[in-house]
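Residues in the sequence shown are numbered consecutively from 20, following this note's numbering. All C-beta atoms in this analysis are idealised placements derived from N, C-alpha and C, irrespective of residue type, glycine included. Note that the structure is a prediction, hence the values are computed from the model and not measured.
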Amino acid sequence: MNSKIKTIILGASGYTGAELLRLLINHPHVEITGLSAERNAGQKLADVFPHLGIYHLPDLVHIDELNFMKCDLVFCALPHGTTQKVIAGLPKHVNVVDLSADFRLRDPQAYAEWYGHAHQALELQREAVYGLPEVARDAVKSARLVANPGCYPTASSLPLLPLLKHNIIERSGIIIDAKSGVSGAGRAAKQNLLYTEVTGGMSAYGVGNHRHSPEIEQNLSDAAGAQINVTFTPHLIPMARGILATIYARLLPGKTIADVRNALHAAYDKEPFVHILPEGKLPSTHHVAGSNHCHIAAAPGAGEGQVILVSVIDNLVKGASGQAIQNMNIMYGWDETLGINGAAVFP
């Protein structure tokens with residue numbers, strides 16, 4: 020394909036918008052033709068993101084100033100709850116990758132329960148494809164609207180899906196203990212995210228009621244063919260980016276840690292972005308920072324029949340913008356790794 024698709028990014032002044040821009044500026048098939056922002060509308064991109072100022076990208080404008088009729092694809096990085104009406108109003112020829120949570124949950128009742136309001140675009144909710152590429156690649160190929168997975172669900176689901184699908188671990192008692200860098204909370208100024216509030220400490224949040232819980236459970240239930248409930252606890256830690264999820268589960272009778280590793284290798288050895296570490300090695304967020312890669316390790320627990328899984332991703336890349344570009348590549352039939360196959364930034 021020699022021509023480039025014309026692409027608009029909505030919500031371009033947030034962290035996920037910045038990462039979309041950073042990754043797309045070198046994509047061979049993408050021309051960025053419009054950028055929207057609310058508080059920063061009217062500003063040059065260089066004033067909001069100086070590191071992107073040399074790339075001659077469009078200025079930030081209000082969403083009403085964008086010409087969607089001359090657009091092929093929209094990346095929607097708007098806040099949850101605002102995306103539904105925006106996407107419903109787009110021309111039908113426009114493909115969409117939505118980075119909000121508005122189309123991730125299939126059950127309208129579950130959405131209303133967890134997000135506090137009824138879904139405003141039920142037809143689109145039914146149409147949307149949940150875009151975890153390693154699982155839904157074929158569905159993404161023919162989708163017009165892709166719901167990009169959340170960061171915690173990506174890090175938590177990838178290690179567990181093969182084990183539930185192939186009946187290697189018990190369906191009950193799964194515990195997910197996850198830590199995220201501060202960028203996962205967004206770019207808006209908040210007192211609890213000030214440097215003095217975050218540095219030197221760690222805190223749990225959303226205990227028992229984090230909105231990513233139903234998304235994780237939806238993914239795992241699909242793999243198991245039965246309802247799966249998990250205990251999920253996220254934590255905020257003083258680093259800019261990255262997620263590390265430590266997952267505790269129990270093996271089914273007769274299953275071993277070798278079965279766990281074999282299932283993970285069978286599922287992911289041919290995947291470009293998911294890597295199973297050798298026995299005895301454990302992942303670090305340092306080794307995926309700035310990249311679209313996910314590293315997974317499996318180890319036996321101290322108790323009989325216990326297995327511990329450790330998964331790391333960059334929350335802004337494989338957990339958001341990189342995975343969104345991966346989905347775009349699949350939608351258009353391109354090499355899945357275009358624009359996102361760079362190594363992690365280290366140190």
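Nearest residue (CA-CA) to residue i, options the options
| i | options | result |
| --- | --- | --- |
| LEU164 | LEU239, CYS95 and THR250 | CYS95 |
| ARG145 | HIS112, PRO181 and ALA107 | ALA107 |
| ASP219 | VAL226, LEU255 and ALA286 | According to the sequence provided, residue 219 is Gly. The question's Asp does not apply to it. GLY219 has its Cα closest to that of LEU255, out of VAL226, LEU255 and ALA286. |
| GLY339 | ASN311, TYR351, LEU357 and ASN360 | First, the residue type needs correcting, since residue 339 is Ala and not Gly in the sequence shown. Residue ASN311 is the option with its Cα nearest to ALA339. |
| TYR149 | ASN167, THR215 and ALA137 | ASN167 |
| GLY205 | TYR351, ASN334 and ASN348 | ASN334 |
| ASN45 | GLY322, ILE247 and ILE359 | ILE359 |
| ASP196 | VAL329, THR35 and LEU42 | VAL329 |
| ALA308 | GLY322, GLU298, ILE262 and ASN248 | ILE262 |
| SER303 | VAL331, LEU296 and GLY341 | VAL331 |
| ALA285 | LEU177, TYR224, GLY225 and ALA259 | LEU177 |
| ILE82 | PRO69, MET221, VAL105 and ASP91 | VAL105 |
| TYR351 | ASN114, PRO77 and ILE28 | ASN114 |
| GLU290 | VAL116, GLU216 and VAL154 | VAL154 |
| ASP354 | ARG156, TYR74 and ASN86 | ARG156 |
| GLY320 | PRO257, LEU296 and THR275 | THR275 |
| ALA60 | TYR74, ARG41 and GLU84 | GLU84 |
| TYR74 | GLY200, ALA147 and ARG41 | ARG41 |
| VAL86 | ASN348, LEU296, HIS112 and ALA129 | In the sequence under discussion, the amino acid at residue 86 is Asn, which differs from the Val named in the question. Of the candidates ASN348, LEU296, HIS112 and ALA129, the one whose C-alpha sits nearest the C-alpha of ASN86 is HIS112. |
| ASP126 | GLY361, GLY169, LEU143 and TYR224 | LEU143 |
| TYR224 | VAL249, THR215, ALA208 and LYS198 | LYS198 |
| HIS147 | GLU132, ASP117, SER240 and ASN211 | Per the sequence shown, residue 147 should be read as Ala rather than His. If we check each option's Cα against that of ALA147, ASP117 comes out closest. |
| MET258 | ILE247, THR215, THR250 and PRO297 | THR215 |
| HIS229 | VAL249, SER240 and ASP241 | VAL249 |
Residue burial classification, residue i (beta-carbon count within 10 angstroms, cutoff 16)
| i | result |
| --- | --- |
| PRO152 | buried |
| LYS300 | exposed |
| ALA245 | exposed |
| THR26 | buried |
| SER161 | exposed |
| ALA37 | buried |
| ILE194 | exposed |
| ASP288 | exposed |
| LEU141 | exposed |
| LEU213 | exposed |
| GLN103 | buried |
| TYR130 | buried |
| PHE365 | exposed |
| ALA56 | buried |
| GLY273 | exposed |
| ALA137 | exposed |
| ALA208 | exposed |
| LYS63 | exposed |
| ASN348 | buried |
| ASP322 | Strictly speaking, residue 322 in this sequence is Gly, with Asp absent from that position. Exposed: under 16 other Cβ atoms inside 10 Å. |
CB of residue i within 8 Å of CB of residue j, strictly
| i | j | result |
| --- | --- | --- |
| ALA264 | SER175 | yes |
| ALA363 | HIS306 | yes |
| LEU79 | LEU54 | yes |
| GLY30 | LEU71 | no |
| GLY324 | ARG269 | yes |
| ALA316 | PRO181 | no |
| TYR34 | SER202 | yes |
| GLY135 | ASP121 | no |
| VAL67 | ASN346 | no |
| ILE51 | LEU76 | yes |
| LEU271 | ILE188 | yes |
| ARG260 | GLY200 | yes |
| LEU357 | PRO47 | yes |
Residues near residue i in its chain [Cβ-Cβ closer than 6 Å; skip 5 each side]
| i | result |
| --- | --- |
| SER22 | none |
| ALA243 | LEU183 and ARG190 |
| ALA65 | GLY72 |
| HIS185 | ALA282 |
| ILE28 | GLY36, LEU39, LEU54 and PHE94 |
| GLY169 | HIS231 and GLU234 |
| CYS90 | LYS25, ILE27 and VAL113 |
| ALA318 | ILE327 |
Same chain, Cβ closer than 7 Å to residue i, neighbours up to 5 away in sequence not counted
| i | result |
| --- | --- |
| PRO172 | HIS231, GLU234, ILE235 and ASN238 |
| VAL16 | There is simply no residue 16 to check, as the chain begins at 20 and stops at 366 in what is shown. |
Same chain only: Cβ atoms within 8 Å of residue i, ignoring 5 sequence neighbours per side
| i | result |
| --- | --- |
| MET88 | PRO110 |
| ARG58 | SER32 |
| VAL226 | THR252 |
| ILE266 | SER175, PRO178, LEU179, ILE193, ILE194, ILE195, ASP196, ILE327, LEU328, VAL329 and SER330 |
Contact with chain B by residue i, beta-carbon distance below 8 Å
| i | result |
| --- | --- |
| LEU124 | Note that chain B does not occur in the displayed structure, where there is just one protein chain. |
List, from N- to C-terminal side, the alpha helix (DSSP H) runs of 4 residues or more that fit wholly inside the stretch 245–309.
276–287
Please specify which runs of the alpha helix (DSSP H), each continuous and at least 4 residues long, are wholly inside the stretch 47–91, giving them in chain order.
64–67
Ignoring anything shorter than 3 residues or poking outside the stretch 92–122, list the beta strand (DSSP E) runs there in chain order.
92–95 and 114–117
Quick check for students: name the residue ranges of the beta strand (DSSP E) that lie wholly in the stretch 170–235, counting only runs of 3 or more.
193–199
Runs of alpha helix (DSSP H) wholly within the stretch 127–172 (minimum 4 residues, chain order)
127–134, 141–146 and 152–160
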